[in-house]
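Contents: one structure, followed by commentary.
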Amino acid sequence: MSNRHDRRRYRREASGALLTYLVDIDDPLDAHPLLQRAARRWCDGLSASPHRECVTCGVQMSGKRCVGALLLTTPASTKPTVASVFGVCRECWLIRDLSLEVIERKATEVLQAVVPNGRFEPHSDART
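Below is the structure:
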């Protein structure tokens with residue numbers, strides 16, 4: 535989300551429910567154009583200061599080579615119009631190989647700011 539208007543719209547659309555997607559940085563998102571655009575925009579902004587932080591350990595990521603995975607979220611609506619992106623650094627994702635439980639716990643802490651007292655369930659795609 536790039537501006538205040540997008541953040542407000544995201545909170546309004548979320549209104550208590552978010553879908554979450556945890557994907558490797560190299561996973562194609564061709565089937566999900568909204569997520570693909572959000573991920574691309576997020577990655578394009580990595581070189582600008584202030585650098586984005588890893589959702590799990592807080593290290594600053596200064597380029598795409600530092601990112602191992604993306605946590606993408608959308609409001610749980612039929613046709614979301616906005617998405618949010620958080621990064622998991624390469625160290626946490628590949629080297630430390632953090633469990634999904636640890637990543638989910640840290641992500642929940644961050645997402646509580648958007649949906650206070652919310653529960654966050656992984657999205658299950660009926661096509662798979």
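Under the working numbering, the residues of the sequence shown are numbered 535 to 662, in order. C-beta atoms are modelled at their ideal positions from N, C-alpha and C, and glycine is treated no differently. Computed from a predicted structure; not experimentally measured.
In terms of Cβ geometry, V619 and A573 form a close pair [threshold 7 angstroms].
Collapsing the DSSP output to three states places T607 in a strand. In the structure shown, T642 falls within a helical segment according to DSSP collapsed to helix, strand and coil.
For R542, the closest C-alpha among the options T615, T590, L556 is that of T615. The beta carbon of C626 sits closer than 7 angstroms to the beta carbons of C588, T590, C591, G602, L632 from its chain, once the five residues preceding and following it are set aside; these are given in chain order.
When beta bridges are read from the DSSP output, Q594 appears opposite E587. CA-to-CA, the gap between L604 and I629 works out to about 16 angstroms.
Judged by DSSP secondary structure, C577 falls within the alpha helix (DSSP H) whose first and last residues are 567–578. DSSP places S581 outside any beta strand (DSSP E), giving it a letter other than H or E. The DSSP-derived three-state label of V648 is coil.
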